[in-house]
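Numbering (the working numbering), first residue to last: 26 to 478. Please read the structure below before turning to the comments.
Laid out in C-alpha coordinates, this is it:
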(Lines of atoms letter the chains of each structure in order from A and count residues from 1; the text may use other names and numbers.)
(Lines give C-alpha, C1' and ligand atoms only; values in the text may rest on other atoms or scores of the structure.)
Protein backbone atom coordinates (compact mmCIF):
# COMPACT_ATOMS: atom_id res chain seq x y z
CA UNK A 1 0.00 0.00 0.00
CA UNK A 2 1.46 3.35 -1.00
CA UNK A 3 2.35 5.97 1.61
CA UNK A 4 -0.32 8.40 0.33
CA UNK A 5 -3.00 5.76 0.67
CA UNK A 6 -1.91 5.05 4.27
CA UNK A 7 -2.19 8.78 4.98
CA UNK A 8 -5.72 8.89 3.59
CA UNK A 9 -6.85 5.88 5.60
CA UNK A 10 -5.38 7.32 8.79
CA UNK A 11 -6.96 10.71 8.14
CA UNK A 12 -10.35 9.12 7.56
CA UNK A 13 -10.02 7.20 10.81
CA UNK A 14 -9.28 10.35 12.77
CA UNK A 15 -12.06 12.33 11.11
CA UNK A 16 -14.79 9.77 11.78
CA UNK A 17 -13.68 9.53 15.39
CA UNK A 18 -13.66 13.29 16.00
CA UNK A 19 -16.87 14.43 14.30
CA UNK A 20 -18.40 15.49 17.63
CA UNK A 21 -15.38 17.29 19.06
CA UNK A 22 -15.08 20.99 19.67
CA UNK A 23 -12.43 23.71 20.99
CA UNK A 24 -10.61 26.58 23.01
CA UNK A 25 -8.11 29.41 22.19
CA UNK A 26 -7.48 31.83 19.37
CA UNK A 27 -10.75 33.64 19.95
CA UNK A 28 -10.27 36.40 17.42
CA UNK A 29 -13.97 36.05 16.61
CA UNK A 30 -14.85 37.07 20.18
CA UNK A 31 -12.39 39.96 20.08
CA UNK A 32 -13.95 41.20 16.81
CA UNK A 33 -17.43 41.12 18.32
CA UNK A 34 -16.30 42.94 21.45
CA UNK A 35 -14.58 45.60 19.36
CA UNK A 36 -17.76 46.14 17.34
CA UNK A 37 -19.53 46.82 20.64
CA UNK A 38 -16.81 49.26 21.74
CA UNK A 39 -15.63 47.01 24.57
CA UNK A 40 -12.25 45.74 23.31
CA UNK A 41 -9.71 47.85 21.46
CA UNK A 42 -6.28 46.31 21.13
CA UNK A 43 -3.31 48.53 20.30
CA UNK A 44 -0.94 49.39 17.48
CA UNK A 45 0.15 45.73 17.40
CA UNK A 46 -3.45 44.52 17.09
CA UNK A 47 -5.33 42.44 19.64
CA UNK A 48 -2.16 40.70 20.95
CA UNK A 49 -4.23 37.68 21.90
CA UNK A 50 -1.18 35.48 22.33
CA UNK A 51 0.22 37.23 25.41
CA UNK A 52 -0.83 37.40 29.03
CA UNK A 53 -3.10 40.29 30.05
CA UNK A 54 -1.90 42.86 32.57
CA UNK A 55 -3.68 44.04 35.70
CA UNK A 56 -4.21 47.45 34.07
CA UNK A 57 -5.81 45.86 31.00
CA UNK A 58 -8.06 43.75 33.23
CA UNK A 59 -9.10 46.86 35.17
CA UNK A 60 -9.96 48.59 31.89
CA UNK A 61 -12.14 45.69 30.79
CA UNK A 62 -13.98 45.65 34.12
CA UNK A 63 -14.84 49.35 33.85
CA UNK A 64 -16.10 48.86 30.29
CA UNK A 65 -18.21 45.84 31.25
CA UNK A 66 -19.67 47.90 34.09
CA UNK A 67 -20.63 50.47 31.46
CA UNK A 68 -18.68 53.20 33.24
CA UNK A 69 -15.88 54.11 30.83
CA UNK A 70 -17.29 57.58 30.04
CA UNK A 71 -17.82 58.30 33.73
CA UNK A 72 -14.31 57.06 34.56
CA UNK A 73 -12.65 59.29 31.98
CA UNK A 74 -14.28 62.34 33.57
CA UNK A 75 -12.68 61.66 36.96
CA UNK A 76 -9.74 63.55 38.44
CA UNK A 77 -7.04 61.16 39.58
CA UNK A 78 -6.56 61.08 43.36
CA UNK A 79 -5.99 57.39 44.12
CA UNK A 80 -2.80 56.63 46.12
CA UNK A 81 -1.12 54.46 43.46
CA UNK A 82 2.04 56.06 42.10
CA UNK A 83 2.98 53.53 39.39
CA UNK A 84 0.24 54.18 36.80
CA UNK A 85 0.53 55.59 33.29
CA UNK A 86 -1.88 58.35 32.34
CA UNK A 87 -4.17 56.10 30.27
CA UNK A 88 -4.52 53.68 33.19
CA UNK A 89 -5.46 56.24 35.82
CA UNK A 90 -9.16 56.84 34.97
CA UNK A 91 -10.02 53.14 35.10
CA UNK A 92 -8.16 52.47 38.34
CA UNK A 93 -9.62 55.64 39.88
CA UNK A 94 -13.16 54.47 39.15
CA UNK A 95 -12.51 51.04 40.64
CA UNK A 96 -10.80 52.56 43.68
CA UNK A 97 -13.68 54.99 44.29
CA UNK A 98 -16.20 52.16 44.10
CA UNK A 99 -14.19 49.80 46.33
CA UNK A 100 -13.60 47.36 43.46
CA UNK A 101 -9.82 47.37 43.90
CA UNK A 102 -7.36 48.01 46.71
CA UNK A 103 -4.23 47.76 44.59
CA UNK A 104 -1.18 45.55 45.09
CA UNK A 105 0.00 47.62 48.07
CA UNK A 106 -1.13 50.84 49.71
CA UNK A 107 0.77 52.88 47.12
CA UNK A 108 1.18 50.62 44.08
CA UNK A 109 -1.24 49.01 41.66
CA UNK A 110 1.36 46.89 39.78
CA UNK A 111 -0.34 47.64 36.45
CA UNK A 112 2.07 45.57 34.36
CA UNK A 113 1.88 42.43 36.47
CA UNK A 114 0.07 39.52 34.86
CA UNK A 115 -3.62 38.96 35.44
CA UNK A 116 -4.42 35.26 35.79
CA UNK A 117 -7.64 33.32 35.23
CA UNK A 118 -8.73 33.47 38.85
CA UNK A 119 -8.24 37.22 39.02
CA UNK A 120 -10.07 37.89 35.78
CA UNK A 121 -12.96 35.63 36.72
CA UNK A 122 -13.27 37.61 39.95
CA UNK A 123 -13.52 40.85 37.96
CA UNK A 124 -16.15 39.44 35.61
CA UNK A 125 -18.25 38.26 38.54
CA UNK A 126 -18.03 41.77 40.01
CA UNK A 127 -19.23 43.15 36.66
CA UNK A 128 -22.31 40.93 37.06
CA UNK A 129 -23.02 42.31 40.52
CA UNK A 130 -21.52 39.51 42.60
CA UNK A 131 -19.27 40.35 45.52
CA UNK A 132 -16.20 38.76 47.08
CA UNK A 133 -16.15 41.28 49.94
CA UNK A 134 -17.01 40.23 53.47
CA UNK A 135 -20.56 38.91 53.44
CA UNK A 136 -20.53 38.53 49.65
CA UNK A 137 -21.67 35.54 47.60
CA UNK A 138 -18.20 34.21 46.69
CA UNK A 139 -14.55 34.52 47.71
CA UNK A 140 -11.46 35.10 45.63
CA UNK A 141 -10.43 31.50 46.32
CA UNK A 142 -13.73 30.17 44.92
CA UNK A 143 -13.93 32.53 41.93
CA UNK A 144 -13.40 29.88 39.23
CA UNK A 145 -16.04 27.59 40.71
CA UNK A 146 -18.46 30.50 41.00
CA UNK A 147 -17.59 31.50 37.44
CA UNK A 148 -18.57 28.05 36.16
CA UNK A 149 -21.77 28.15 38.16
CA UNK A 150 -22.76 31.52 36.72
CA UNK A 151 -21.78 30.68 33.12
CA UNK A 152 -18.76 32.98 32.98
CA UNK A 153 -16.24 30.12 32.70
CA UNK A 154 -16.85 27.14 30.44
CA UNK A 155 -14.88 24.22 29.01
CA UNK A 156 -13.76 26.30 26.05
CA UNK A 157 -13.02 29.89 27.03
CA UNK A 158 -10.52 29.63 29.90
CA UNK A 159 -7.06 28.14 30.36
CA UNK A 160 -5.96 28.36 33.99
CA UNK A 161 -2.39 27.27 33.21
CA UNK A 162 -1.68 29.66 30.33
CA UNK A 163 -4.12 32.54 30.63
CA UNK A 164 -3.92 34.94 27.67
CA UNK A 165 -5.67 38.01 26.30
CA UNK A 166 -7.26 35.41 24.02
CA UNK A 167 -9.18 34.10 27.02
CA UNK A 168 -9.96 37.61 28.22
CA UNK A 169 -11.80 38.17 24.94
CA UNK A 170 -13.59 34.81 25.07
CA UNK A 171 -14.64 35.12 28.73
CA UNK A 172 -15.71 38.75 28.39
CA UNK A 173 -17.86 37.93 25.36
CA UNK A 174 -19.38 34.97 27.18
CA UNK A 175 -20.15 37.12 30.23
CA UNK A 176 -22.14 39.58 28.11
CA UNK A 177 -24.70 36.77 27.61
CA UNK A 178 -25.10 36.15 31.38
CA UNK A 179 -27.89 37.68 33.46
CA UNK A 180 -26.57 40.10 36.12
CA UNK A 181 -27.23 39.15 39.73
CA UNK A 182 -29.57 42.02 40.52
CA UNK A 183 -31.50 41.85 37.25
CA UNK A 184 -34.90 40.18 36.91
CA UNK A 185 -34.33 39.44 33.22
CA UNK A 186 -31.99 40.14 30.35
CA UNK A 187 -28.25 39.85 29.88
CA UNK A 188 -25.31 42.01 30.85
CA UNK A 189 -25.30 43.31 27.28
CA UNK A 190 -28.98 44.25 27.61
CA UNK A 191 -28.09 46.22 30.72
CA UNK A 192 -25.24 48.02 28.97
CA UNK A 193 -27.62 48.99 26.15
CA UNK A 194 -30.26 50.21 28.62
CA UNK A 195 -27.62 52.23 30.47
CA UNK A 196 -26.44 53.80 27.21
CA UNK A 197 -22.93 52.32 27.47
CA UNK A 198 -23.36 50.34 24.23
CA UNK A 199 -25.28 51.74 21.25
CA UNK A 200 -28.54 49.89 20.56
CA UNK A 201 -27.90 49.55 16.84
CA UNK A 202 -24.45 48.06 17.45
CA UNK A 203 -25.82 45.52 19.92
CA UNK A 204 -28.92 44.31 18.06
CA UNK A 205 -27.33 41.42 16.16
CA UNK A 206 -25.43 40.20 19.22
CA UNK A 207 -28.56 40.38 21.38
CA UNK A 208 -30.45 38.26 18.83
CA UNK A 209 -27.57 35.78 18.77
CA UNK A 210 -27.59 35.49 22.57
CA UNK A 211 -31.33 34.75 22.52
CA UNK A 212 -30.92 31.95 19.95
CA UNK A 213 -27.90 30.63 21.84
CA UNK A 214 -29.96 30.36 25.02
CA UNK A 215 -32.50 28.18 23.20
CA UNK A 216 -29.72 26.12 21.62
CA UNK A 217 -27.96 25.65 24.96
CA UNK A 218 -31.16 24.44 26.59
CA UNK A 219 -31.70 21.87 23.84
CA UNK A 220 -28.05 20.77 23.98
CA UNK A 221 -28.18 20.40 27.76
CA UNK A 222 -31.11 18.02 27.46
CA UNK A 223 -29.26 16.08 24.74
CA UNK A 224 -26.10 15.81 26.87
CA UNK A 225 -28.06 13.97 29.57
CA UNK A 226 -29.05 11.20 27.16
CA UNK A 227 -26.98 8.17 28.11
CA UNK A 228 -28.16 5.93 25.29
CA UNK A 229 -28.31 7.08 21.68
CA UNK A 230 -27.95 5.69 18.19
CA UNK A 231 -28.08 6.99 14.62
CA UNK A 232 -27.32 6.18 11.03
CA UNK A 233 -24.48 8.31 9.66
CA UNK A 234 -23.79 8.93 5.99
CA UNK A 235 -20.37 10.48 5.48
CA UNK A 236 -18.72 11.79 2.32
CA UNK A 237 -15.26 13.24 1.85
CA UNK A 238 -13.30 14.73 -1.02
CA UNK A 239 -9.52 14.63 -0.60
CA UNK A 240 -6.94 16.67 -2.49
CA UNK A 241 -3.15 16.76 -2.36
CA UNK A 242 -1.50 19.95 -3.64
CA UNK A 243 -4.79 20.88 -5.31
CA UNK A 244 -5.10 17.59 -7.17
CA UNK A 245 -7.94 15.15 -6.64
CA UNK A 246 -6.70 12.18 -4.66
CA UNK A 247 -9.76 10.37 -3.37
CA UNK A 248 -13.48 10.48 -2.92
CA UNK A 249 -14.76 8.60 0.08
CA UNK A 250 -18.21 7.59 1.27
CA UNK A 251 -19.21 5.75 4.43
CA UNK A 252 -22.44 4.51 5.88
CA UNK A 253 -22.15 3.85 9.61
CA UNK A 254 -24.52 2.56 12.22
CA UNK A 255 -23.55 4.15 15.51
CA UNK A 256 -24.70 3.33 19.02
CA UNK A 257 -23.55 4.48 22.44
CA UNK A 258 -24.45 3.54 26.00
CA UNK A 259 -22.70 6.20 28.06
CA UNK A 260 -22.06 5.68 31.76
CA UNK A 261 -22.18 9.31 32.84
CA UNK A 262 -20.75 8.45 36.27
CA UNK A 263 -17.77 6.43 35.02
CA UNK A 264 -17.14 7.11 31.33
CA UNK A 265 -14.65 4.24 31.07
CA UNK A 266 -17.57 1.87 31.59
CA UNK A 267 -19.31 3.29 28.52
CA UNK A 268 -19.87 1.22 25.40
CA UNK A 269 -19.82 2.51 21.83
CA UNK A 270 -19.93 0.94 18.39
CA UNK A 271 -19.54 2.40 14.90
CA UNK A 272 -19.92 -0.21 12.18
CA UNK A 273 -20.24 0.07 8.45
CA UNK A 274 -18.45 0.16 5.14
CA UNK A 275 -15.97 2.61 3.67
CA UNK A 276 -15.79 3.07 -0.10
CA UNK A 277 -12.86 4.89 -1.68
CA UNK A 278 -12.31 5.96 -5.28
CA UNK A 279 -8.59 6.62 -5.68
CA UNK A 280 -6.68 8.76 -8.15
CA UNK A 281 -4.63 6.68 -10.54
CA UNK A 282 -1.31 7.85 -9.09
CA UNK A 283 -2.24 6.16 -5.81
CA UNK A 284 -2.91 2.81 -7.43
CA UNK A 285 -0.13 0.29 -7.97
CA UNK A 286 -0.16 -2.02 -10.97
CA UNK A 287 -2.77 -4.72 -10.49
CA UNK A 288 -4.57 -2.87 -7.67
CA UNK A 289 -8.12 -1.57 -7.86
CA UNK A 290 -8.97 2.14 -8.09
CA UNK A 291 -12.19 1.58 -6.15
CA UNK A 292 -11.87 -0.07 -2.78
CA UNK A 293 -14.51 -1.12 -0.30
CA UNK A 294 -13.59 -2.20 3.20
CA UNK A 295 -15.29 -2.69 6.54
CA UNK A 296 -14.92 0.08 9.08
CA UNK A 297 -15.65 -1.02 12.63
CA UNK A 298 -14.77 0.98 15.74
CA UNK A 299 -15.65 0.09 19.33
CA UNK A 300 -15.11 1.39 22.84
CA UNK A 301 -15.48 -0.56 26.08
CA UNK A 302 -13.69 -0.98 29.40
CA UNK A 303 -11.30 1.92 28.81
CA UNK A 304 -10.09 0.71 25.41
CA UNK A 305 -10.62 1.85 21.83
CA UNK A 306 -10.75 -0.88 19.17
CA UNK A 307 -10.47 -0.49 15.40
CA UNK A 308 -11.11 -3.24 12.85
CA UNK A 309 -10.29 -1.79 9.46
CA UNK A 310 -9.42 -3.94 6.46
CA UNK A 311 -7.13 -6.68 7.82
CA UNK A 312 -5.95 -4.68 10.85
CA UNK A 313 -7.36 -5.10 14.35
CA UNK A 314 -5.93 -2.44 16.64
CA UNK A 315 -6.43 -1.79 20.36
CA UNK A 316 -5.55 1.43 22.18
CA UNK A 317 -6.11 2.49 25.80
CA UNK A 318 -8.35 5.54 25.95
CA UNK A 319 -9.10 6.91 29.40
CA UNK A 320 -12.22 9.02 29.05
CA UNK A 321 -12.23 9.77 32.78
CA UNK A 322 -8.79 11.40 32.49
CA UNK A 323 -9.96 13.45 29.54
CA UNK A 324 -13.07 14.45 31.46
CA UNK A 325 -10.96 15.51 34.42
CA UNK A 326 -8.62 17.51 32.16
CA UNK A 327 -11.39 19.68 30.71
CA UNK A 328 -13.92 19.25 33.54
CA UNK A 329 -16.72 18.25 31.19
CA UNK A 330 -19.15 17.62 34.06
CA UNK A 331 -19.37 21.37 34.65
CA UNK A 332 -20.63 22.20 31.18
CA UNK A 333 -23.61 21.24 29.11
CA UNK A 334 -23.15 22.69 25.62
CA UNK A 335 -20.74 24.13 23.09
CA UNK A 336 -19.17 27.31 24.45
CA UNK A 337 -20.65 30.53 23.15
CA UNK A 338 -17.20 31.89 22.28
CA UNK A 339 -16.53 28.93 19.95
CA UNK A 340 -19.50 29.85 17.75
CA UNK A 341 -19.12 32.36 14.94
CA UNK A 342 -22.83 32.48 14.04
CA UNK A 343 -26.06 30.71 14.94
CA UNK A 344 -29.35 30.70 13.05
CA UNK A 345 -32.61 29.38 14.54
CA UNK A 346 -35.48 28.39 12.21
CA UNK A 347 -38.81 26.65 12.81
CA UNK A 348 -40.87 24.65 10.33
CA UNK A 349 -43.49 21.88 10.63
CA UNK A 350 -43.21 21.79 14.39
CA UNK A 351 -39.44 21.26 14.33
CA UNK A 352 -36.66 23.70 15.24
CA UNK A 353 -33.30 23.71 13.47
CA UNK A 354 -30.18 25.34 14.90
CA UNK A 355 -27.50 26.02 12.29
CA UNK A 356 -24.19 26.70 13.98
CA UNK A 357 -21.04 27.92 12.25
CA UNK A 358 -17.96 27.42 14.40
CA UNK A 359 -14.94 29.72 14.67
CA UNK A 360 -12.00 27.82 13.11
CA UNK A 361 -9.33 29.13 15.47
CA UNK A 362 -11.18 28.10 18.60
CA UNK A 363 -12.07 24.72 17.11
CA UNK A 364 -8.47 23.91 16.22
CA UNK A 365 -7.14 24.47 19.72
CA UNK A 366 -9.60 22.19 21.43
CA UNK A 367 -9.38 19.48 18.79
CA UNK A 368 -5.62 19.46 19.34
CA UNK A 369 -6.02 19.16 23.10
CA UNK A 370 -8.57 16.38 22.82
CA UNK A 371 -6.41 14.43 20.36
CA UNK A 372 -3.50 14.61 22.79
CA UNK A 373 -5.65 13.49 25.72
CA UNK A 374 -6.94 10.46 23.80
CA UNK A 375 -3.63 9.56 22.06
CA UNK A 376 -5.38 9.92 18.70
CA UNK A 377 -2.27 11.41 17.10
CA UNK A 378 -1.05 7.83 16.84
CA UNK A 379 -4.15 6.40 15.15
CA UNK A 380 -2.93 4.03 12.42
CA UNK A 381 0.58 5.28 13.14
CA UNK A 382 0.15 8.32 10.94
CA UNK A 383 -2.14 11.26 11.77
CA UNK A 384 -0.05 13.94 13.49
CA UNK A 385 -1.52 17.22 12.34
CA UNK A 386 -5.17 18.16 11.96
CA UNK A 387 -6.28 21.70 11.14
CA UNK A 388 -9.92 22.67 10.74
CA UNK A 389 -11.28 25.32 8.41
CA UNK A 390 -15.01 25.98 8.11
CA UNK A 391 -17.35 23.83 10.17
CA UNK A 392 -21.14 24.09 10.22
CA UNK A 393 -23.55 21.86 12.13
CA UNK A 394 -27.35 21.90 11.74
CA UNK A 395 -29.33 20.14 14.48
CA UNK A 396 -33.08 19.55 14.17
CA UNK A 397 -35.32 18.88 17.16
CA UNK A 398 -38.98 18.00 17.48
CA UNK A 399 -40.84 17.56 20.76
CA UNK A 400 -37.57 18.05 22.62
CA UNK A 401 -35.77 15.22 20.80
CA UNK A 402 -33.08 15.36 18.13
CA UNK A 403 -34.38 13.96 14.85
CA UNK A 404 -31.40 14.70 12.62
CA UNK A 405 -28.03 16.40 12.40
CA UNK A 406 -26.07 17.59 9.35
CA UNK A 407 -22.45 18.66 9.36
CA UNK A 408 -20.03 20.04 6.79
CA UNK A 409 -16.41 20.97 7.35
CA UNK A 410 -13.03 21.40 5.75
CA UNK A 411 -9.70 20.35 7.20
CA UNK A 412 -6.06 19.66 6.49
CA UNK A 413 -4.14 16.63 7.74
CA UNK A 414 -0.33 16.53 7.82
CA UNK A 415 1.50 13.26 8.30
CA UNK A 416 4.52 11.31 7.07
CA UNK A 417 5.91 14.41 5.38
CA UNK A 418 2.76 14.96 3.34
CA UNK A 419 -0.40 16.99 3.66
CA UNK A 420 -3.91 16.66 2.33
CA UNK A 421 -6.97 18.89 2.22
CA UNK A 422 -10.35 17.39 2.87
CA UNK A 423 -13.94 18.58 2.66
CA UNK A 424 -16.44 16.42 4.46
CA UNK A 425 -20.16 16.13 5.04
CA UNK A 426 -22.05 14.01 7.52
CA UNK A 427 -25.77 13.40 7.76
CA UNK A 428 -27.24 11.70 10.83
CA UNK A 429 -30.73 10.22 10.62
CA UNK A 430 -32.88 7.65 12.40
CA UNK A 431 -31.76 9.01 15.77
CA UNK A 432 -32.96 7.01 18.76
CA UNK A 433 -32.60 7.41 22.50
CA UNK A 434 -33.14 5.48 25.71
CA UNK A 435 -34.24 1.86 25.84
CA UNK A 436 -34.56 1.66 22.05
CA UNK A 437 -30.74 1.66 21.85
CA UNK A 438 -28.56 -1.45 22.00
CA UNK A 439 -24.77 -1.52 21.61
CA UNK A 440 -23.48 -4.70 19.96
CA UNK A 441 -19.80 -5.44 20.58
CA UNK A 442 -17.84 -8.24 18.83
CA UNK A 443 -16.89 -11.33 20.82
CA UNK A 444 -13.23 -11.37 19.67
CA UNK A 445 -11.99 -8.08 21.16
CA UNK A 446 -9.34 -10.03 23.08
CA UNK A 447 -7.64 -10.80 19.75
CA UNK A 448 -7.04 -7.12 18.87
CA UNK A 449 -3.36 -6.11 19.01
CA UNK A 450 -2.08 -3.15 21.00
CA UNK A 451 -0.95 -0.29 18.76
CA UNK A 452 2.77 -0.64 18.08
CA UNK A 453 2.93 -4.22 19.36
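A virtual CB, placed ideally from N, CA and C, is assigned to each residue, including glycine. Computed from a predicted structure; not experimentally measured.
**Study point:** residue 277 vs residue 298 beta-carbon contact at 7 Å
**Key:** yes
Point to revise | beta strand (DSSP E) runs contained entirely in the segment 258-329, provided each spans 3 or more residues | key: 269-283, 293-304, 316-326
Exercise for review: List in chain order: all unbroken alpha helix (DSSP H) runs of 4+ residues lying wholly within the segment 80-105.
Suggested key: 80-90, 94-98
Point to revise | Identity of the residue in 216, 211, 172 nearest residue 89 by Cα | key: 216
Point to revise | Extent of the continuous alpha helix (DSSP H) to which residue 173 belongs | key: 168-175
Review point. With respect to the beta strand (DSSP E) encompassing residue 381, which residues constitute its N-terminal and C-terminal limits?
Key: 376-383
Review point. Which residue from 146, 118, 161 puts its Cα closest to that of residue 99?
Key: 118
Practice item. Express the C-alpha separation of residue 238 and residue 207 in angstroms, rounding to a whole number. Key: 22 Å
Check your understanding: residue 109 and residue 87 look like a contact to me (Cβ under 8 Å); what is the Cβ gap, rounded to whole Å?
Key -> Rounded, the Cβ-Cβ distance is 15 Å, inconsistent with contact.
Practice item. Kindly indicate which three-state DSSP category residue 120 falls into: helix, strand or coil? Key: helix
Point to revise | Residue from 188, 429, 422, 248 whose Cα sits closest to the Cα of residue 459 | key: 248
Practice item. Name the two residues that bound the continuous alpha helix (DSSP H) containing residue 450. Key: Unbroken run through residue 450 is the beta strand (DSSP E), 443-458; no alpha helix (DSSP H).
Exercise for review: For the beta strand (DSSP E) containing residue 370, list its first residue and its last residue.
Suggested key: 365-373
Point to revise | residue 321 versus residue 227 - alpha carbon distance | key: 50 Å
Review point. Residue 132 and residue 107 look like a contact to me (Cβ under 8 Å); what is the Cβ gap, rounded to whole Å?
Key: 6 Å
Check your understanding: Looking only at its own chain, which residues have a Cβ that is under 7 Å from the Cβ of residue 469, when we skip the five neighbours before and after it?
Key -> none
Exercise for review: Count the other C-beta atoms from every protein chain shown that fall within 10 angstroms of the C-beta of residue 246, then say buried if there are 16 or more, exposed otherwise.
Suggested key: exposed
Check your understanding: So does the segment 289-303 actually touch the segment 428-443, counting three or more Cβ pairs closer than 8 Å?
Key -> no
**Study point:** Inter-residue Cα distance where the pair is residue 236 and residue 205
**Key:** 15 Å
**Study point:** Limits of the alpha helix (DSSP H) - the one that residue 338 falls within
**Key:** Run containing residue 338: none in the alpha helix (DSSP H); it sits in the beta strand (DSSP E), 337-342.
Point to revise | Span separating the alpha-carbon of residue 122 from that of residue 384 | key: 39 Å
Point to revise | Backbone CA spacing between residue 201 and residue 225 [nearest angstrom] | key: 14 Å
Check your understanding: Where residue 331 and residue 302 are concerned, what is the direct C-alpha to C-alpha distance, given to the nearest angstrom?
Key -> 22 Å
Check your understanding: What residues in its chain sit with their C-beta under 6 Å from that of residue 371, if we drop five residues either side in the sequence?
Key -> 378
Review point. Relative to the C-alpha of residue 284, which residue among 124, 251, 60 is closest?
Key: 251
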